[in-house]
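Below is one structure; the comments refer to it alone.
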Amino acid sequence: MKLPHFLPLLSASLLSISVGSAAVVVSTGSTLPSNVVFSNVATSTNTTISWYNTVSSAEREIAQSFQASSSFTLDSITMLLNDSGSSVGNGSGTGTTNTQGATFTVTIYSSTTNRFDLSSTVQTVSSQTGTLPTTGFTGANVRGNYITFDLGSNVALTSGLYYAFAFSFPTAATDRSLQFVVNGNTLPTTGYAYTFTNSASSPGSWVANGGNDYAFYLTAVPEPGAFALAGLGMLVLLIRRRRGMLN
25 MKLPHFLPLL
35 SASLLSISVG
45 SAAVVVSTGS
55 TLPSNVVFSN
65 VATSTNTTIS
75 WYNTVSSAER
85 EIAQSFQASS
95 SFTLDSITML
105 LNDSGSSVGN
115 GSGTGTTNTQ
125 GATFTVTIYS
135 STTNRFDLSS
145 TVQTVSSQTG
155 TLPTTGFTGA
165 NVRGNYITFD
175 LGSNVALTSG
185 LYYAFAFSFP
195 TAATDRSLQF
205 VVNGNTLPTT
215 GYAYTFTNSA
225 SSPGSWVANG
235 GNDYAFYLTA
245 VPEPGAFALA
255 GLGMLVLLIR
265 RRRGMLN
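In this text, residue positions in the sequence shown follow my numbering: the first is 25, and each later residue adds one.
Here you go:
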């Protein structure tokens with residue numbers, strides 16, 4: 025007896041799953057996500073750089089450049105928060121309130137060199153928005169934790185090319201800030217930690233902190249073959265069950 029027509033259709037759907045665009049999802053924890061393919065591992069938590077947009081000071085965006093050592097599809101970016109209470113909102117109650125639930129932007133750039141501030145060709149590869157956690161996101165709760173930005177739309181990176189990822193807050197609020205850990209310049213391939221400080225009276229520009237890199241960890245989407253094998257495995261189980269029902 026022939027199997028129903030839905031099995032070939034199911035096979036095709038299992039092997040061609042696509043995911044639509046979505047917002048960046050943020051999570052925190054004491055362990056790293058799996059499938060880290062590129063990283064600058066933290067060797068110390070003594071030095072930090074703040075990402076902020078405050079009403080009393082200025083706006084500071086931060087970025088990290090790197091050279092992709094292999095081709096992969098970027099799934100998430102993980103940073104390391106300061107291990108003191110000032111990791112969120114500079115430790116102030118108002119700052120914590122104004123940082124929780126804040127909208128942010130993650131931008132991925134490509135560049136002709138590792139100094140994307142000096143490169144003659146800088147292109148925006150992807151720009152995505154998300155919202156920081158709305159509850160429990162305080163310095164006391166998440167200090168020293170990893171913070172992961174799971175991209176809503178994955179980004180394909182090519183081996184040997186230079187990239188940078190940047191974080192920004194589009195709107196200001198009192199003490200709205202996060203503090204990320206930086207290391208000495210220890211990347212296996214050359215990169216730089218960047219800051220972009222901007223105020224109404226003094227428009228800014230990207231500045232490379234040549235002696236530092238942020239502690240960061242990039243994860244990749246599993247290879248398509250892994251999904252295909254999983255889909256085929258599910259299909260085999262369905263066929264066996266169907267045959268058992270027909271016998």
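Note that beta-carbon positions come from the ideal geometry of N, C-alpha and C, so glycine has one too.
Taking the Cβ atoms as the reference, Asp-174 lies roughly 7 Å from Val-48, within the contact range of under 8 Å. Following the DSSP letters along the chain, one finds Thr-136 in no alpha helix (DSSP H), marked with neither H nor E.
Between the beta-carbon of Ser-51 and that of Thr-153 there is about 16 Å, and that puts the pair past the 8 Å contact cut. Thr-159 and Glu-85 have their C-alpha atoms spaced approximately 24 Å apart. Short of 6 Å from the beta carbon of Thr-123, and not among the five residues preceding or following it, lie these beta carbons of its own chain, in chain order: Val-112, Gly-113 and Arg-200.
Sequence-distant partners of Ser-192 (beyond 5 residues in either direction) whose C-beta falls short of 6 Å from its own C-beta, in its chain, are Glu-85 and Thr-129.
Sequence-distant Cβ neighbours of Arg-139 in its own chain, meaning closer than 8 Å and more than five residues away, are Ser-89, Tyr-216 and Ala-232. With a cutoff of 8 Å on beta-carbon distance, Ala-87 and Trp-230 are scored as near each other. Ala-92 sits in coil when the DSSP states are folded into three classes, being neither helix nor strand.
Taking all protein chains in view, the Cβ of Thr-78 is crowded by 16 or more other Cβ atoms within 10 Å, so the residue is classified as buried. The Cβ-Cβ distance between Thr-72 and Val-206 falls below 8 Å.
Here the alpha carbons of Leu-104 and Ser-80 stand approximately 26 Å from one another.
Within the region 105-189, the alpha helix (DSSP H) runs of at least 4 residues that lie entirely inside it are, in chain order, 117-123 and 163-166. Of the residues assessed, Ser-134 falls on the buried side of the cut-off, its CB having 16 or more other CB atoms within 10 angstroms. Looking at the DSSP output, Ala-244 sits in a beta bridge with Leu-98. Nearest C-alpha to Pro-157 among Thr-55, Phe-220 and Val-166: Val-166. Shortest Cα-Cα distance from Thr-198 to any of Ala-126, Gly-53, Ser-95 and Ala-66 involves Ala-126. In the three-state scheme derived from DSSP, where H, G and I count as helix and E and B as strand, Ser-58 is classed as coil. In this structure, Ala-180 places its C-beta atom within 8 Å of the C-beta atom of Thr-97. In the same chain as Thr-182, and ignoring 5 residues on each side of it, the C-beta atoms closer than 8 Å to its own belong to Ala-92 and Ser-95, in chain order. In the three-state scheme derived from DSSP, where H, G and I count as helix and E and B as strand, Tyr-76 is classed as strand.
Per DSSP, the beta bridge partners of Thr-221 are Arg-84.
DSSP lists no beta-bridge partner residue for Asp-199. Looking from the CA of Gly-163, the closest CA among Gly-119, Ala-190 and Thr-145 belongs to Gly-119.
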